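Using UniProt numbering, read the sequence shown as starting at 1 and increasing by one per residue.
Taking it in order: structure first as structure tokens, then the write-up.
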Amino acid sequence: MKKRKIPGLEFEINPIALGCMSLNGNLKADQKIIDAAISAGIDFLDTADLYQKGLNEEVVGAAIKERRKDVILATKVGNQLREDGDGWDWNPRKAYILEAVEKSLARLQTDYIDLYQLHGGTLEDPWDETLEAFDILKSQGKIRAFGISSIRPNVIRKVLAMSSPATIMMQYSPLDRRPEEAAFPLIAESNTRVLVRGAFAKGYLIDKSAQPFLDYSAAEVKEIRELIADSRLLPEAFLIRFGLMQPAVGSLVIGASSVQQVEKINFANQQHAMISEDLMKEISAKIPLNLYTQHR
Numbered sequence: 001m002k003k004r005k006i007p008g009l010e011f012e013i014n015p016i017a018l019g020c021m022s023l024n025g026n027l028k029a030d031q032k033i034i035d036a037a038i039s040a041g042i043d044f045l046d047t048a049d050l051y052q053k054g055l056n057e058e059v060v061g062a063a064i065k066e067r068r069k070d071v072i073l074a075t076k077v078g079n080q081l082r083e084d085g086d087g088w089d090w091n092p093r094k095a096y097i098l099e100a101v102e103k104s105l106a107r108l109q110t111d112y113i114d115l116y117q118l119h120g121g122t123l124e125d126p127w128d129e130t131l132e133a134f135d136i137l138k139s140q141g142k143i144r145a146f147g148i149s150s151i152r153p154n155v156i157r158k159v160l161a162m163s164s165p166a167t168i169m170m171q172y173s174p175l176d177r178r179p180e181e182a183a184f185p186l187i188a189e190s191n192t193r194v195l196v197r198g199a200f201a202k203g204y205l206i207d208k209s210a211q212p213f214l215d216y217s218a219a220e221v222k223e224i225r226e227l228i229a230d231s232r233l234l235p236e237a238f239l240i241r242f243g244l245m246q247p248a249v250g251s252l253v254i255g256a257s258s259v260q261q262v263e264k265i266n267f268a269n270q271q272h273a274m275i276s277e278d279l280m281k282e283i284s285a286k287i288p289l290n291l292y293t294q295h296r
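Quick look at the structure:
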């Protein structure tokens, strides 16, 4: 799998990352999934301290303990679990980030994180101290780069004006084309690149029964799925090509809960490059473009 150079990163990343949120929480089963991904060249792993209340990081850490240098490891911070275990609170403060990273490092059984991402963000956040926290962690060698996870164009604009995050994680698929109008053009002109989540649109464009999605009705979702099916393209390959053809996009974070799903993702990734750009544009032109109505 050919890696991509991201302007804001000192290291290259694969165009496909394994979204570890979909793991089962069982070390033996998840070890097989992660091993299959790495063997297929998918050595970019994305997790978060929030997933399964930290268990996800623990499982990932145990699974890669003996091959840490073989993977690019990304995790997230900002959602502070309550002491009673009942939910969490948003906390982008410097003190919390500097504390939380130590716990993530321990759970991941490593002394550095390749990409540390703020797991959300609002205009009202104390961005000066949040960004300072990431700078401190970089200077300490505990993280190699930082990013944010946000679907709010106004937040993205603010952060890009203040700093240069290596990545911004955003939802993007044929059912959510909002970033094309409000975020991708700005990001493409910067040194930041997008990590796409939700590229497979919850499976509604592949094999799951069509359901309403954002402002699309179930009937409209079905129509878009049939449009892709009529092209005789492998749906997963089409969706991978759809995301990666955007200049602002660096990688797609795709979840897998079985070895078979990893194999299917890998096969689709091998197939997507054979889909012509003209065909992609022809199909994409028939898919309605939705727009952000909030946080613009």
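For glycine and all other residues, C-beta sits at the position ideal for the given N, C-alpha and C.
Owing to the predicted nature of the structure, the values given are computational and were not obtained by experimental measurement.
Judged by beta-carbon spacing, V253 lies beyond the 8 Å limit of V194, meaning their Cβ atoms are not closer than that value.
Apart from the 5 residues on each side of it in sequence, R241 sits with its Cβ closer than 8 Å to the Cβ of H272, A273, I275 and M280 in its chain, given in chain order. For D46, the uninterrupted beta strand (DSSP E) segment begins and ends at F44 to D46.
Per the C-alpha coordinates, the member of A161, T293 and A256 positioned closest to A36 is A256. The region 76-85 makes no contact with the region 16-23, as fewer than three CB pairs between them are under 8 Å. For L233, there is no enclosing alpha helix (DSSP H), as DSSP marks it with neither H nor E. Inclusion of E132 and R93 in the CB contact set at 8 Å is not warranted, their separation being larger than that value. Under the three-state reduction of DSSP, L55 is assigned to helix. Per DSSP, reduced to three states, the secondary structure at G87 is coil, with no helix or strand assignment.
With respect to the 8 Å criterion, L123 and L160 are not classified as neighbours on the basis of their beta carbons. Per DSSP, I287 lies in no alpha helix (DSSP H) and is assigned neither H nor E. Each residue's CA atom was taken as its position, placing S164 and A145 some 10 Å apart. Take M245, set aside five residues on each side of it, and the residues of its chain with a beta-carbon closer than 8 Å to its own are E277 and M280, in chain order. Per DSSP, reduced to three states, the secondary structure at V77 is strand. In the structure shown, the three-state DSSP call for E12 is strand. Rounded to the nearest angstrom, the Cβ distance from I64 to I34 is 7 Å, consistent with a contact under 8 Å. Closest by C-alpha distance to E226, out of A210, K28, L45 and R152, is A210.
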